[in-house]
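A.B. asks: Protein chains in written order, with full-length UniProt numbering: chain C, 1 to 332; chain G, 1 to 332. To start, I am sharing the structure in question, which I have written as structure tokens.
Protein chains: 2
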Amino acid sequence: MPGRPHPARATSADVARLAGVSRATVSFVLNDTEPGRVSDATRARVRAAAEQLGYVSHAAARALRAGRSNLVLMPASQAAIGRLVSDWLDELQLALHEHGYTLVLHGGRGADPVEVARVWAEMRPAAVLAPVPGLTPAAVELLRTAGVRAVIATGGEPVPGAHTMIFRQDELGRLAAAHLIERGRRRLAVLMPGERGLDVFAAERLAGVRQAAGGPGAEVTPVPLRYDWDDALALARAWPGFDGVFAYNDEYALLLVRALQEVGLEVPGSVAVAGADDLLPARIARPALTSVRIEPGSADELAALVHRLVEEPAEPGVVGAVRMRLIVREST
Amino acid sequence: MPGRPHPARATSADVARLAGVSRATVSFVLNDTEPGRVSDATRARVRAAAEQLGYVSHAAARALRAGRSNLVLMPASQAAIGRLVSDWLDELQLALHEHGYTLVLHGGRGADPVEVARVWAEMRPAAVLAPVPGLTPAAVELLRTAGVRAVIATGGEPVPGAHTMIFRQDELGRLAAAHLIERGRRRLAVLMPGERGLDVFAAERLAGVRQAAGGPGAEVTPVPLRYDWDDALALARAWPGFDGVFAYNDEYALLLVRALQEVGLEVPGSVAVAGADDLLPARIARPALTSVRIEPGSADELAALVHRLVEEPAEPGVVGAVRMRLIVREST
DNA sequence: GTGAAAGCGCTAACAT
DNA sequence: ATGTTAGCGCTTTCAC
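Right, here's the structure in full:
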């Protein structure tokens, strides 16, 4: 072993030795379990010893002992959506921390869901929060078998074996499309991004648009678009005469609007465009963008739910629903 | 203990039993250590047994044994910057995975750096990658003491005790300001977001602007701005006659441009505005936004560096630099 | 080519 | 009020 440039990390045994107590006592003091069991004097001595040695507990050892870690896992893709979401994640992180959990985001976009679930399962997290497409039945099974107490999926339908936070992607499409149709649009396009596993969500949103269009007999066409100016411009140049667009989300919507303007098509005059997520750029765009706002619900409540499910596993079922609301602005 | 709704998680002992070998053999086979030590027949039997039992190794046990986990930790705030960054993080995740590491992002924005470092240290990660403001000397010390092999800071100056990827925030400001001055601007404003711990970066960027302004004698004023339309509008309404702005980043730049336009101030006619990050929205804005592009370097190389440092800890020092480049567009 | 066994750091049941 | 101890699942040295 190469020379240790730093003092060997202190263990609870070191703390015990320095404080002149047993390791058990150290554990009781530092974890505040069974309050009143250890005298105040001893507690003080233990804390002082821990402080002096710069003691930091070993999460892996605790996890091994407990059978699971205190990790709550989420796919990192979530964080990239925008400030609203990332602020909300901050709140969630804080709320979970107060329950003793550590929220971590893990990438693995596009990879085989089961492969990703395997990596997650190895960490023996207390809970996993993830959108449905990543949580295939095999992935859920893998996680449950590995002992993950709370597997919470967000998706349109209850997921067998997992708790489900209902999040109807199709509702996004339906809300936007119903509005476009009400505005008299009958030739609808639905933007279908191919990037980063968004295709699954896009397909569900498309289905929602189709539903809304069914009755009134509007025509619906899925249109692939990459998040790329040249691609957007090419689409706008060859615009097939759609008079209404549901653009997957605000980013794609703003990209398309800009491209349409570039080729002289008026928004909403010639083409009405609606997005989703209701980010600030949507609000300040010209024309201001109609969007479907997603209301993620209280981070505190979700943290409490996670804690409850971890403490006493319950029958899988629906644990809540994400609400959404159409914000009408100038672009439609 | 409440009833186990799921089969008890299989351990390597279970696999060994089913395959009729020892736990040692299981370990050798599944980790591919010492190839050629175990016969092909045995290997196949072990693999089959693992498969059949749905065996998933226990990261905590491995970490306990190894003295450290295979986690590489980064602050989650990074992911929220934009698609470019989050795509790059994906690459990094993949590259690290190939070296056997798991990249996880952890929040904890705004909290006491030492408190956050403590949570990180408990996970005994193999490496930590973080911007300087979070890595105070005390935080670095804590991590090193906990045995983290590679603490890689990104910041303007070498960080004592840590490896440093040089990332000159002030260079961003300097590049933008030099350009504004070259365009004849002499009354410069620097937008100072207060949110999410951005203030530290903002201060450094401001310092860069001041440097660039020193020689030519341009006047520099820091101007607080929240990421909020009303705040931006209020600023624009009371615009104190600045003729050039470095806007912290593209998001704030686009917000300000929009507010200036709202009150009838022309960009770049009356006010030239430059951002940073060079996101797609900057490119397609009207006027297209001048921005400083940040080039994060190769994810593969960074992953390899992490691996090298973990394998054989080296003297802390400078391990590379993030380059940046001014992209001139219409807004200046 | 394979097995036995020690030990990583922690917690909690049990003993004093 | 405090201490003893077993054992969580894994890797790896050493013995066969």
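Glycine is no exception: its CB is placed at the ideal position from the N, C-alpha and C atoms. These figures come from a predicted structure and were not determined experimentally.
Can you tell which of G:E295, G:H307 and G:V310 has the C-alpha that lies nearest to the C-alpha of G:A321?
C.D. replies: Here residue 321 of chain G refers to the residue found at position 321 when the second sequence is read from its first residue. Ranking the options by Cα distance to G:A321, first place goes to G:E295.
A.B. asks: Taking the beta strand (DSSP E) that C:S291 belongs to, which residues open and close that run?
C.D. replies: Taking the first sequence and counting its residues from 1, one reaches residue 291 of chain C at position 291. Its beta strand (DSSP E) spans residues T290 to E295.
A.B. asks: Ignoring anything shorter than 4 residues or poking outside the stretch 209-240 of chain C, list the alpha helix (DSSP H) runs there in chain order.
C.D. replies: 229-237, all fully within the stretch 209-240 of chain C.
A.B. asks: To which residues of the same chain is G:E204 closer than 6 Å at the C-beta, ignoring the five residues directly before and after it?
C.D. replies: Translated into the one-based positions of the second sequence, residue 204 of chain G becomes position 204. Excluding sequence neighbours, G:E204 sits near Q169 and D170.
A.B. asks: Considering only the alpha carbon of each residue, which of G:A202, G:T136 and G:L280 lies closest to G:G82?
C.D. replies: Residue 82 of chain G sits at position 82 when you count from the first residue of the second sequence. Nearest of G:A202, G:T136 and G:L280 to G:G82, Cα basis: G:L280.
A.B. asks: Give, in chain order, every unbroken run of the beta strand (DSSP E) that is at least 3 residues long and sits entirely within the stretch 95-141 of chain C.
C.D. replies: Runs found: 102-106 and 127-131.
A.B. asks: Relative to chain G, which residues along the stretch 190-214 of chain C have a C-beta separation below 7 Å, given in chain order?
C.D. replies: Under the 7 Å Cβ criterion, the stretch 190-214 of chain C contributes no residue.
A.B. asks: Round the Cβ separation of G:A247 and G:L191 to the nearest angstrom and send it over; I've been treating them as touching at under 8 Å.
C.D. replies: Counting from one through the second sequence, the residue named residue 247 of chain G turns up at place 247. Counting from one through the second sequence, the residue named residue 191 of chain G turns up at place 191. At roughly 5 Å, the Cβ-Cβ gap stays under 8 Å, so G:A247 and G:L191 are in contact.
A.B. asks: Grab me the residues of G:M324's own chain with a C-beta within less than 7 Å of its C-beta, minus the 5 sequence neighbours each way, in chain order.
C.D. replies: Locating residue 324 of chain G in the second sequence gives position 324, where the first residue counts as 1. Hits under 7 Å: E171, L172, L175, V292, R293, I294 and E295.
A.B. asks: Cβ atoms of G:A282 and G:V245: under 7 Å apart, would you say?
C.D. replies: Along the second sequence, read from residue 1 onward, the residue named residue 245 of chain G stands at position 245. Along the second sequence, read from residue 1 onward, the residue named residue 282 of chain G stands at position 282. No. Outside cutoff.
A.B. asks: At the level of alpha carbons, what is the spacing between C:H6 and G:G147?
C.D. replies: As a position in the first sequence, residue 6 of chain C is number 6, starting the count at 1. As a position in the second sequence, residue 147 of chain G is number 147, starting the count at 1. Confidence at C:H6 is low in this model, with a pLDDT of 44, below 50, so the placement of that residue should be treated as unreliable; the coordinate-derived value is given next. The straight-line gap from Cα to Cα measures roughly 8 Å.
A.B. asks: Is the separation between the beta-carbon of G:A49 and that of G:L18 shorter than 7 Å?
C.D. replies: On the second sequence, position 49 is the one that residue 49 of chain G refers to. On the second sequence, position 18 is the one that residue 18 of chain G refers to. Closer than 7 Å, so yes.
A.B. asks: Take G:R43 as the anchor and find which of G:E312, G:G54, G:L105 and G:S27 has the nearest alpha-carbon.
C.D. replies: Here residue 43 of chain G is taken as the residue at index 43 of the second sequence, counted from 1. Closest by alpha carbon: G:S27.
A.B. asks: Cβ of C:W229 less than 7 Å from any chain G Cβ?
C.D. replies: Indexing the first sequence from 1 puts residue 229 of chain C at position 229. It does: the Cβ of C:W229 has a partner Cβ on chain G nearer than 7 Å.
A.B. asks: Looking at the unbroken alpha helix (DSSP H) that takes in G:P281, where does it start and where does it end?
C.D. replies: As a position in the second sequence, residue 281 of chain G is number 281, starting the count at 1. Segment L280 to I284, the alpha helix (DSSP H) holding G:P281.
A.B. asks: If we ignore side chains and look at the alpha-carbon of each, how far apart do G:A111 and C:P222 end up?
C.D. replies: In the second sequence, counting from the first residue as 1, residue 111 of chain G sits at position 111. In the first sequence, counting from the first residue as 1, residue 222 of chain C sits at position 222. If I take the Cα positions, the gap works out to 45 Å.
A.B. asks: Against chain G, which members of the UniProt domain "HTH lacI-type" (10-66) of chain C pass a CB distance test of less than 7 Å?
C.D. replies: Cβ contacts with chain G: G54, V56, S57, H58, A59, A60, A61, A63 and L64.
A.B. asks: Using CA coordinates, which residue listed in G:D278, G:L289 and G:D250 is at the minimum distance from G:P268?
C.D. replies: Within the second sequence, the letter at position 268 stands for residue 268 of chain G. The shortest Cα separation from G:P268 among G:D278, G:L289 and G:D250 belongs to G:L289.
A.B. asks: Please tell me whether G:T145 and G:P131 are closer than 7 Å, where the distance is taken between their beta carbons.
C.D. replies: One-based indexing of the second sequence puts residue 145 of chain G at position 145. One-based indexing of the second sequence puts residue 131 of chain G at position 131. In this structure, G:P131 does not lie closer than 7 Å to G:T145 by Cβ.
A.B. asks: Quick check: what's the CA-CA separation for G:G317 versus C:E91?
C.D. replies: Along the second sequence, one-based indexing puts residue 317 of chain G at 317. Along the first sequence, one-based indexing puts residue 91 of chain C at 91. Cα to Cα, the separation comes out at about 35 Å.
A.B. asks: In terms of alpha-carbon separation, which member of C:D230, C:F242, C:G241 and C:P240 lies closest to C:R258?
C.D. replies: Within the first sequence, the letter at position 258 stands for residue 258 of chain C. Here the closest residue by C-alpha is C:D230.
A.B. asks: If you follow the alpha helix (DSSP H) that C:F246 is in, where does it begin and where does it stop?
C.D. replies: Taking the first sequence and counting its residues from 1, one reaches residue 246 of chain C at position 246. Careful: C:F246 lies outside any alpha helix (DSSP H), inside the beta strand (DSSP E) at G244 to F246.
A.B. asks: Distance cutoff 7 Å, beta carbons only. Does C:G147 sit that close to anything in chain G?
C.D. replies: The count along the first sequence starts at 1 and reaches residue 147 of chain C at position 147. True, the Cβ-Cβ gap to chain G drops below 7 Å.
A.B. asks: Go ahead and label C:T33 buried or exposed: buried means 16 or more other beta carbons lie within 10 angstroms of its beta carbon, across all protein chains shown.
C.D. replies: Position 33 of the first sequence, counting from 1, holds the residue named residue 33 of chain C. By the neighbour-count rule (16 or more Cβ atoms within 10 Å), C:T33 is not buried but exposed.
A.B. asks: Between the stretch 103-117 of chain G and chain C, which residues of the former have CB atoms less than 7 Å from a CB of the latter, in chain order?
C.D. replies: Listed by position, the residues of the stretch 103-117 of chain G near chain C (Cβ gap below 7 Å) are L103, V104, L105, H106, G107, G108 and R109.
A.B. asks: How big is the Cα-Cα spacing for G:R23 and G:A66?
C.D. replies: Within the second sequence, the letter at position 23 stands for residue 23 of chain G. Within the second sequence, the letter at position 66 stands for residue 66 of chain G. Taking the straight line from one Cα to the other gives about 17 Å.
A.B. asks: Along chain C, which residues have their Cβ under 9 Å away from the Cβ of G:I284?
C.D. replies: Within the second sequence, the letter at position 284 stands for residue 284 of chain G. W229, A232, L254, L255, R258, A259 and E262, listed in chain order.
A.B. asks: Reducing DSSP to helix, strand and coil, say where C:L265 ends up.
C.D. replies: The residue you call residue 265 of chain C lines up with position 265 of the first sequence. Coil.
A.B. asks: Please report the Cβ distance between C:V104 and C:L142, rounded to the nearest whole angstrom; I am assuming they are in contact, meaning their Cβ atoms lie under 8 Å.
C.D. replies: By 1-based counting over the first sequence, the position of residue 104 of chain C is 104. By 1-based counting over the first sequence, the position of residue 142 of chain C is 142. Their Cβ separation, rounded to whole angstroms, is 18 Å, which puts C:V104 and C:L142 out of contact at 8 Å.
A.B. asks: Rounded to a whole number of angstroms, what is the C-alpha to C-alpha distance between C:E311 and C:R68?
C.D. replies: As a position in the first sequence, residue 311 of chain C is number 311, starting the count at 1. As a position in the first sequence, residue 68 of chain C is number 68, starting the count at 1. Computed Cα separation, rounded: 12 Å.
A.B. asks: Mind checking which residues open and close the beta strand (DSSP E) that includes C:D318?
C.D. replies: As a working mapping, residue 318 of chain C is identified with position 318 in the first sequence. Note on residue identity: the sequence assigns Val, not Asp, to residue 318 of chain C. That run of the beta strand (DSSP E) goes V318 to A321.
A.B. asks: Short of 8 Å in beta carbon distance, which residues of its chain neighbour G:Y227, apart from the five on each side in sequence? Order them along the chain.
C.D. replies: The residue labelled residue 227 of chain G in the question sits at position 227 within the second sequence. If we look at G:Y227 and ignore the five residues flanking it on each side, its Cβ neighbours are P193, E195, E251, Y252 and L255.
A.B. asks: Residues in the same chain with beta-carbon distance under 6 Å from G:D278, minus the five sequence neighbours each way, listed in chain order, please.
C.D. replies: On the second sequence, residue 278 of chain G is found 278 positions in, with the first residue counted as 1. S291, R293 and I327, listed in sequence order.
A.B. asks: Any Cβ of chain C within less than 7 Å of the Cβ of G:E122?
C.D. replies: For the purposes of this step, residue 122 of chain G is taken as residue 122 along the second sequence, with counting starting at 1. Yes, its Cβ sits closer than 7 Å to a Cβ of chain C.
A.B. asks: Using a cut-off of 9 Å between C-beta atoms, extract the partners of C:D90 located in chain G.
C.D. replies: Against the first sequence, residue 90 of chain C aligns to sequence position 90. Going along chain G in sequence order, the residues near C:D90 (Cβ under 9 Å) are A76, S77, G107, G108, R109, G110 and R196.
A.B. asks: My output table needs one value for C:H58: the three-state DSSP class, helix, strand or coil.
C.D. replies: The residue labelled residue 58 of chain C in the question sits at position 58 within the first sequence. Coil at C:H58, not helix or strand.
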